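> Which chain is which? The protein sequence lines are V and F, in order.
The numbers in the numbering used here rise by one with no breaks, and the one at position 30 of the first sequence is 517.
The numbers in the numbering used here rise by one with no breaks, and the one at position 421 of the second sequence is 780.
Positions of the beta carbon are idealized from the N, C-alpha and C atoms, including for glycine.
From a predicted model like this one, the values you see are computed outputs, not experimental measurements.
Quick one: the structure is below, questions incoming.
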Amino acid sequence: MHREPLNLLWLQSGGCGGCTLSLLNAECSNLFDTLESFGIHLLWHPSLSEESAQEARRIIDDCASGATRLDILCLEGSVLRGPHGSGGFHLTTGGNPMMMLIEKLAAIAKHTVAIGSCAAFGGVTSAGCNPADACGLQFEGDLPGGLLGRDFRDVSGLPVINIAGCPTHPNWIIETLAALATGVLNGQSLDVVQRPRMYADHLVHHGCTRNEFYEFKASAHKPSDLGCLMENLGCKGTQAHADCNTRLWNGEGSCVRGGYACIACTEPGFEEPGHLFAETPKLAGIPIGLPIDMPKAWFVVLASLSKSATPKRVKENAVSDHQVVVPIVKKARQK
Amino acid sequence: MTRLVVGPFNRVEGDLEVTLDVADNQVQAAYVNSPMYRGFEQILKDKPPLDALVYVPRICGICSVAQSAASAQALADAMGLKSPENGLLAANLTLAAENLADHLTHFYLFFMPDFARDYYRNRSWFSAAQARFKSVRGSATAEVLPARAKFMHLMGYLAGKWPHTLSLQPGGSSRSIELAEQIRLSILLTEFRLFLERTLFGDKLESVSSLDSESALLAWMQSRKSKADLPRFLEISYDLNLHKLGRATDRFMSYGAYHEGGNSLFPSGLWEEGQIHTLDISAIREDVSHSWMEGEAALAPATGYTLPQPGKTGAYSWCKAPRLNGLVVETGALARQLMAGHPLVVDLVLRHGGNVTARVIARLLELARVLPAMEEWVKRLRPGEPFCNNATPLDDARGIGLVEAARGSLGHWLEIRKGKIANYQIIAPTTWNFSPRDTAGNPGALEHALVGVPIEDNNDGAPIAVQHIVRSFDPCMVCTVH
Numbered sequence: 488m489h490r491e492p493l494n495l496l497w498l499q500s501g502g503c504g505g506c507t508l509s510l511l512n513a514e515c516s517n518l519f520d521t522l523e524s525f526g527i528h529l530l531w532h533p534s535l536s537e538e539s540a541q542e543a544r545r546i547i548d549d550c551a552s553g554a555t556r557l558d559i560l561c562l563e564g565s566v567l568r569g570p571h572g573s574g575g576f577h578l579t580t581g582g583n584p585m586m587m588l589i590e591k592l593a594a595i596a597k598h599t600v601a602i603g604s605c606a607a608f609g610g611v612t613s614a615g616c617n618p619a620d621a622c623g624l625q626f627e628g629d630l631p632g633g634l635l636g637r638d639f640r641d642v643s644g645l646p647v648i649n650i651a652g653c654p655t656h657p658n659w660i661i662e663t664l665a666a667l668a669t670g671v672l673n674g675q676s677l678d679v680v681q682r683p684r685m686y687a688d689h690l691v692h693h694g695c696t697r698n699e700f701y702e703f704k705a706s707a708h709k710p711s712d713l714g715c716l717m718e719n720l721g722c723k724g725t726q727a728h729a730d731c732n733t734r735l736w737n738g739e740g741s742c743v744r745g746g747y748a749c750i751a752c753t754e755p756g757f758e759e760p761g762h763l764f765a766e767t768p769k770l771a772g773i774p775i776g777l778p779i780d781m782p783k784a785w786f787v788v789l790a791s792l793s794k795s796a797t798p799k800r801v802k803e804n805a806v807s808d809h810q811v812v813v814p815i816v817k818k819a820r821q822k
Numbered sequence: 360m361t362r363l364v365v366g367p368f369n370r371v372e373g374d375l376e377v378t379l380d381v382a383d384n385q386v387q388a389a390y391v392n393s394p395m396y397r398g399f400e401q402i403l404k405d406k407p408p409l410d411a412l413v414y415v416p417r418i419c420g421i422c423s424v425a426q427s428a429a430s431a432q433a434l435a436d437a438m439g440l441k442s443p444e445n446g447l448l449a450a451n452l453t454l455a456a457e458n459l460a461d462h463l464t465h466f467y468l469f470f471m472p473d474f475a476r477d478y479y480r481n482r483s484w485f486s487a488a489q490a491r492f493k494s495v496r497g498s499a500t501a502e503v504l505p506a507r508a509k510f511m512h513l514m515g516y517l518a519g520k521w522p523h524t525l526s527l528q529p530g531g532s533s534r535s536i537e538l539a540e541q542i543r544l545s546i547l548l549t550e551f552r553l554f555l556e557r558t559l560f561g562d563k564l565e566s567v568s569s570l571d572s573e574s575a576l577l578a579w580m581q582s583r584k585s586k587a588d589l590p591r592f593l594e595i596s597y598d599l600n601l602h603k604l605g606r607a608t609d610r611f612m613s614y615g616a617y618h619e620g621g622n623s624l625f626p627s628g629l630w631e632e633g634q635i636h637t638l639d640i641s642a643i644r645e646d647v648s649h650s651w652m653e654g655e656a657a658l659a660p661a662t663g664y665t666l667p668q669p670g671k672t673g674a675y676s677w678c679k680a681p682r683l684n685g686l687v688v689e690t691g692a693l694a695r696q697l698m699a700g701h702p703l704v705v706d707l708v709l710r711h712g713g714n715v716t717a718r719v720i721a722r723l724l725e726l727a728r729v730l731p732a733m734e735e736w737v738k739r740l741r742p743g744e745p746f747c748n749n750a751t752p753l754d755d756a757r758g759i760g761l762v763e764a765a766r767g768s769l770g771h772w773l774e775i776r777k778g779k780i781a782n783y784q785i786i787a788p789t790t791w792n793f794s795p796r797d798t799a800g801n802p803g804a805l806e807h808a809l810v811g812v813p814i815e816d817n818n819d820g821a822p823i824a825v826q827h828i829v830r831s832f833d834p835c836m837v838c839t840v841h
């Protein structure tokens, strides 16, 4: 544990503010006490701090000048480079591009953290024709680069830490900041696209409540069906890196528990899947996006075998929005 | 005349800067600038229509469900699709959960901390307000954050997660609710009711809803002095005369909220000179004369477009200027409660016009009024019956989705051609409230509300009265400049 508190500055740019709102869903008695218990001092946050206008500008300027030590710079939202590379789509008070302020602060911050898929990779703001020329801090989609460049390392030698997700889970933020504050987060703690492995070494599929339907390839056909969402409705839970179904959201929720596909929002480029979000792209009737480490031939054999063995209960429930056939109760004692 | 640029404006959702011309210690003119542009209307062009359900919630992290609901409604309109009763109830519950959580967030995290500023150190209520409402450190934060997080468990059940759900579909909800879950939803609502009654109101929700005039409100305040946060706010507010601050044009609009079976909990309408009129949405035009946007004439949203024109002469915001019949209107909880004819809100507006105090009261009143409605909606859910109808979008169609977000009226106008989105135009609540001037030079609602505000002490470049007025609208700038 650091003796002196770590100064954290949170800035927002080309995003929706949803990662901050998600952070406020944290299941702790007081978010700010929790951060403080790890020695993290919130210098300023645009939605939560008292200081406005000039007072806020002074806090930021003091970080930029070095008068205040900046330990953790968090950026929420993508970097807006447009129009024509000027950064003019987001100007700070005083008329300077936000893009330049971010670059300046990242150069002196001990750690730079991208909060959410926008700040990490560009995210939804960079979708379509990318009107604002949005990118991430150190990535543009899955291409290294972004605002700070492939070779960027912070003062401590780490690249940008990408807490990807749209939005991020509150605990992904808290745990990553806590790991930084306690000095246990190092280069080995990040995956190939610099996401904390604490949550990115899992798949959304893990803990999916639709698993029995998945096993038997008993698939949903329309929204609100109980069946597996992978075959028809675009679910990428078997490919997407996150622990959404073991950690859960807002109490007992997750996307697939909400009845809709995992759209792989922690992955770079998720905003342009190249197919309808809620429709699985197929080749000769077989989904193109198979479970991440499963050879296609095995999947096909296993799928046809399990389909032929699907119990009536699973088959009928898969295309209904409530259980129409319940598990039978056997008179004999279970073995 | 001196010019004061107030920014970055924090404790609002998104980026905001306000420029004030000050003379004789009074604001002479105000210019509201939304300094960020992302371009969602451009992003949506040529996308498959149903993909809008993924993109639009991500316009805004705080009105995420409202954006989903408007999009689902526009698609349903274009598809001619109706939702089953369960789907309507689930959609109402999901939107109400977001709106109430937003009201709570606004009051405790965005609005009240201004009264804990050193600026007010000589007021009799200061030390109590500081202990209670100080940003981050006040005792209220430690109570409100866990209560809010628990209330948002509703979203875990109804929407999978919040923000950014895909559960709201054109034909209803993708998430059916089982009996056990229906019971858990009821328990969550009861817990939140107890929190509101104990902490915010110090009284039954129904007693707060039944307050029918300003004098009844003041008598109620005296009877509960300092026992809960609404009475605390009222004491501060009347001490500072906030009911005389922040009057805009006193023309209000609401699309109406929480529809079911042909009825709405809060009806739509236009309030003008103390009278409620039918709202004619075909009279909406978006003016871009002072926006960094291409275009000449003010266009109806269904045929409008949104293309940035950086550096345009005379422009000062990325926000357009929507007008109804060419006139400025204000939208929000105050407008909704006026259209609903709530006697307390009507009395407040007839006496003082729209103002800082009335806007805050209307929001808190909605907490008291909507939660009991949610309790009824949960009871009426029928597990085992359908939650969602389905259809395929038509290749050529138009649709409109009109909903009420926490901070006011949100409209989506969709045009599908050859199976793709040909045009998608969005007018967000704060686009109405924080619009720049129009061709006739008429200032937007906030710009109007700031004129005449006394600036005796500019409080380090951010006059305190200006801060109260701006935040009283509960602005959402990320929606504004989608």
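Applying the 10 Å Cβ sphere with the 16-neighbour rule, what's the burial state of E556/F?
Against the second sequence, residue 556/F aligns to sequence position 197. When all chains shown are included, E556/F counts as buried.
> If you draw a straight line from the C-alpha of Q426/F to the C-alpha of C419/F, how long is it?
The residue you call residue 426/F lines up with position 67 of the second sequence. The residue you call residue 419/F lines up with position 60 of the second sequence. When rounded, the distance between both Cα atoms is 8 Å.
> Which residue from Y414/F, G712/F, F368/F and M395/F puts its Cα closest to that of D402/F?
Here residue 402/F is taken as the residue at index 43 of the second sequence, counted from 1. For the record, residue 402/F in the displayed sequence is Ile; it is not Asp. With distances taken between Cα atoms, I402/F lies closest to Y414/F.
> Apart from the five residues on each side of it in sequence, which residues of its chain come closer than 8 Å, Cβ to Cβ, to T361/F?
Here residue 361/F is taken as the residue at index 2 of the second sequence, counted from 1. Same-chain partners within the cutoff: D380, V381 and A382.
> Would R362/F pass as an interface residue toward chain V - the criterion being a Cβ-Cβ separation below 9 Å?
Looking up residue 362/F in the second sequence gives position 3. No - not a single Cβ of chain V is within 9 Å of the one on R362/F.
> Can you confirm whether the region 634 to 654 of chain F touches the region 667 to 686 of chain F when touching is taken to mean that 3 or more C-beta pairs between the two stretches lie within less than 8 Å?
Yes: at least three Cβ pairs fall under 8 Å.
> Nearest to T663/V by CA position, among D688/V, A705/V, I648/V and F576/V, is which residue?
Residue numbering aside, residue 663/V sits at position 176 when the first sequence is read from its first letter. The shortest C-alpha separation from T663/V is found at I648/V.
> Check distances from the C-beta atoms of the region 742 to 757 of chain V to those of chain F and list, in chain order, the residues that come in under 9 Å.
Listed by position, the residues of the region 742 to 757 of chain V near chain F (Cβ gap below 9 Å) are C742, V743, R744, G745, G746, Y747, A748, I750 and C752.
> Using C-beta distances below 6 Å, list every residue in its chain close to P416/F, excluding the 5 sequence neighbours before and after it, in chain order.
Sequence index remark: in the second sequence, residue 416/F carries index 57 (1-based). Excluding sequence neighbours, P416/F sits near S423, Q426, S427 and H523.
> Along the region 507 to 528 of chain F, what residues have a CB closer than 9 Å to any CB found in chain C?
Of the protein chains in the structure, V and F, none is chain C.
> With H, G and I counted as helix, E and B as strand and the rest as coil, what does DSSP make of E631/F?
Taking the second sequence and counting its residues from 1, one reaches residue 631/F at position 272. It is a strand residue.
> Is T753/V near A727/V, with beta carbons less than 9 Å apart?
In the first sequence, residue 753/V corresponds to position 266, counting from 1. In the first sequence, residue 727/V corresponds to position 240, counting from 1. Yes, the pair counts as a contact, with Cβ atoms nearer than the cut-off.
> What separation, rounded to the nearest whole angstrom, lies between the Cα atoms of L539/V and G605/F?
Counted from its first residue, the first sequence places residue 539/V at position 52. Counted from its first residue, the second sequence places residue 605/F at position 246. First, the residue type needs correcting, since residue 539/V is Ser and not Leu in the sequence shown. If you take the alpha carbons of S539/V and G605/F, they lie about 19 Å apart.
> May I ask you to list, following chain order, the residues of the region 389 to 412 of chain F that have a beta carbon less than 8 Å from some beta carbon of chain V?
Listed in sequence order: P394, M395, Y396, R397, G398, Q401, I402, L403, K404, D405, K406, P407, L409, D410 and L412.
> Can F469/F and R830/F be called in contact, C-beta distance under 9 Å?
By one-based count along the second sequence, residue 469/F stands at place 110. By one-based count along the second sequence, residue 830/F stands at place 471. Closer than 9 Å, so yes.
> Taking Cβ-Cβ distances shorter than 8 Å, what residues in chain F pair up with K709/V?
Position 222 of the first sequence holds residue 709/V. Near K709/V (Cβ distances below 8 Å), the residues of chain F are C747 and N749.
> Determine the chain F residues that contact F764/V at a beta-carbon separation under 7 Å, and present them in chain order.
For this step, residue 764/V is matched to residue 277 along the first sequence. Within chain F, the residues near F764/V are D410 and V413.
> What residues of chain F sit near A543/V, judged by a beta carbon separation below 7 Å?
Within the first sequence, residue 543/V is the residue found at index 56, counting from 1. Within 7 Å Cβ-Cβ: P367 and N369.
> Can you check the region 814 to 838 of chain F for any beta strand (DSSP E) of at least 3 residues that lies completely inside it and give the ranges in chain order?
None, since the region 814 to 838 of chain F contains no complete beta strand (DSSP E) of that length.
> If I'm right that I559/V touches L498/V with Cβ under 8 Å, what's the distance once you round it to whole angstroms?
Taking the first residue of the first sequence as position 1, residue 559/V is located at position 72. Taking the first residue of the first sequence as position 1, residue 498/V is located at position 11. Wrong, their Cβ atoms sit about 11 Å apart, outside the cutoff.
> Taking contact to mean 3 or more Cβ pairs, one atom from each stretch, closer than 8 Å, check whether the region 665 to 677 of chain V and the region 697 to 710 of chain V are in contact.
At 8 Å Cβ cutoff, the stretches do not touch.
> Just the chain F side, please: which residues come within less than 7 Å of G909/V by C-beta, in chain order?
Given a span of 488 to 822 for chain V in the structure shown, any question on residue 909/V remains unanswerable.
> When Cβ atoms are compared, which residues of the region 415 to 429 of chain F fall closer than 7 Å to chain V?
Hits within the stretch, in order: R417, I418, C419, G420, I421 and S423.
> With DSSP run on the structure shown, which of helix, strand or coil describes Y675/F?
Here the question's residue 675/F lines up with position 316 in the second sequence. The answer is coil: DSSP assigns Y675/F none of H, G, I, E or B.
> With distances taken Cα to Cα, identify the nearest neighbour of S641/F among P626/F, E653/F, L658/F and G654/F.
Your numbering for residue 641/F matches position 282 in the second sequence. Closest by alpha carbon: L658/F.
> The alpha helix (DSSP H) spanning G761/V covers which residue range?
The residue given as residue 761/V occupies position 274 in the first sequence. Run containing G761/V: none; DSSP gives neither H nor E here.
> For P584/V, which of helix, strand or coil comes out of DSSP?
Residue numbering aside, residue 584/V sits at position 97 when the first sequence is read from its first letter. Here P584/V sits in strand by DSSP.
> Taking the C-alpha atoms as reference points, what is the distance between A614/V and A606/V?
The residue given as residue 614/V occupies position 127 in the first sequence. The residue given as residue 606/V occupies position 119 in the first sequence. Distance between the alpha carbons of A614/V and A606/V: 14 Å.
> Please return the same chain residues whose Cβ sits closer than 6 Å to the Cβ of Y478/F, not counting the five positions on each side in sequence.
Your numbering for residue 478/F matches position 119 in the second sequence. Correct list, in chain order: N818 and I823.
> Provide the residue span of the alpha helix (DSSP H) that contains W568/F, from first to last.
Mapped onto the second sequence, residue 568/F falls at position 209. Note that residue 568/F is Ser in the sequence shown, not Trp. Residues L564 to S568.
> Who are the Cβ neighbours of V762/F in its own chain at under 6 Å, not counting the five residues just before and after it?
In the second sequence, residue 762/F corresponds to position 403, counting from 1. The residues are A425, A428, A429 and L769.
> Mapping the DSSP letters down to three states, classify M511/F as helix, strand or coil.
For the purposes of this step, residue 511/F is taken as the residue at position 152 of the second sequence. Three-state result, M511/F: coil.
> Determine the direct distance from the alpha carbon of K794/V to that of R800/V, and round the result to whole angstroms.
Indexing the first sequence from 1 puts residue 800/V at position 313. Indexing the first sequence from 1 puts residue 794/V at position 307. R800/V and K794/V: Cα-Cα distance of roughly 13 Å.
> Per DSSP, what kind of secondary structure is G603/V in: helix, strand or coil?
Residue numbering aside, residue 603/V sits at position 116 when the first sequence is read from its first letter. Helix at G603/V.
> At which residues does the alpha helix (DSSP H) containing A431/F begin and terminate?
Here residue 431/F corresponds to residue number 72 of the second sequence, with the count starting at 1. Looking at the DSSP string, the run of the alpha helix (DSSP H) that includes A431/F is S423 to M438.
> Can you give the Cα-Cα distance for D629/V and D620/V, rounded to whole angstroms?
Locating residue 629/V in the first sequence gives position 142, where the first residue counts as 1. Locating residue 620/V in the first sequence gives position 133, where the first residue counts as 1. Near 15 Å, if we compare the C-alpha coordinates of D620/V and D629/V.
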